[in-house]
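In the working numbering, the protein residues as written are 55 to 357.
What follows is a short report on a single structure.
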Ligand SMILES: NC(=O)CC[C@H](N)C(=O)O
């Protein structure tokens, strides 16, 4: 298999694609990103790296941060975290408040906004937001093997300025006793974690620990790696998770910055970025690119 050729062909197809989706404009700073970008990077279990397009351009990882914060929170709290957040797909938009009332302030899963706010609240416990963010950045930098990973303050501010929905989710959960810190503190921390910027290459490297296997960084136990992948498969693309499993067949996590991290267990970590989103808030060309890749390589976990 000529992976370099496959990836170059995908890069050429995506660069020329006319229908690129729409950039997220509910966060004004993200609305200003050029939808013409496309980048992809793959790190394989034997350490090879293949990339195409804008793979070295930093972008806002947004909800992809939720994978790293979940790994960190589980490391800190262990299975206690599951008393505060579920493990089922929500079938609703990432920022929906609908289920929280009937389900007593317990979010369906850690990858929708409400669930990620609980995770961040758990990491924040007993720390100042600055310390919690330092811990999150340390985890991601260690996973990527790269200290040049930072928060974009303009994006964080833009989220803060338009973050009423997230604050509403946090206040609602606080009313149910499922938000231990003041919502402004937890949301502020969450906005900054979402505003972390990485390149496709950095993100693919940071995903290596989710591949499992012996040569990848062991930041979390093998059993937890298996479970993080299960949640990425079932919940990583919100109400598009079933469609992503159907088309791609890999554990994946998307963000409204247009990034996707997808894992081929034991084999590869894939990062792709194209800012235009589909109707579920998942990267339109990013999804298509990973679909093409899996078709060409046979990398679906269902193959
Ligand atoms: N799906 C996403 O990437 C959402 C993250 C974004 N920061 C928000 O809270 O709305």
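Where a beta carbon is used, it is the ideal one built from N, C-alpha and C, also for glycine.
Using DSSP bridges, identify the partner residues of residue 96. Residue 96 is bridged by DSSP to 104, 324.
Mind listing, in chain order, the continuous alpha helix (DSSP H) runs of no fewer than 4 residues lying wholly within the stretch 280-321? Correct list: 295-301.
CB contact flag (residue 220, residue 291, <8 angstroms): Inclusion of residue 220 and residue 291 in the CB contact set at 8 angstroms is not warranted, their separation being larger than that value.
In this structure, does DSSP put residue 11 in helix, strand or coil? Past the edges of the chain, shown from 55 to 357, lies residue 11, and the structure says nothing about it.
Go to residue 250, then tell me how far its beta strand (DSSP E) extends in each direction, as first and last residue. That run of the beta strand (DSSP E) goes 250-252.
Reduced DSSP secondary structure (H/G/I, E/B, other) of residue 117: Collapsing the DSSP output to three states places residue 117 in a helix.
Are residue 55 and residue 328 closer than 8 angstroms when you measure CB to CB? Cβ atoms of residue 55 and residue 328: not closer than 8 angstroms.
Three-state secondary structure assigned by DSSP to residue 337: Assignment of residue 337 by DSSP, reduced to helix, strand and coil, places it in the strand class.
Of all the options 345, 313, 353, 338, which has the alpha carbon lying nearest to the alpha carbon of residue 109? It is 313 whose Cα lies nearest to the Cα of residue 109.
Just mark residue 253 as buried or exposed, buried being the case when its beta carbon has 16 or more other beta carbons within 10 Å. Here residue 253 is buried. Its C-beta has 16 or more other C-beta atoms within 10 Å.
Continuous alpha helix (DSSP H) stretch holding residue 169: start and end: Membership of residue 169 in the alpha helix (DSSP H) is indicated by the continuous run 167-178.
So which of 130, 331, 198, 150 has the shortest CA-CA distance to residue 95? Nearest Cα to residue 95 within the set 130, 331, 198, 150: 198.
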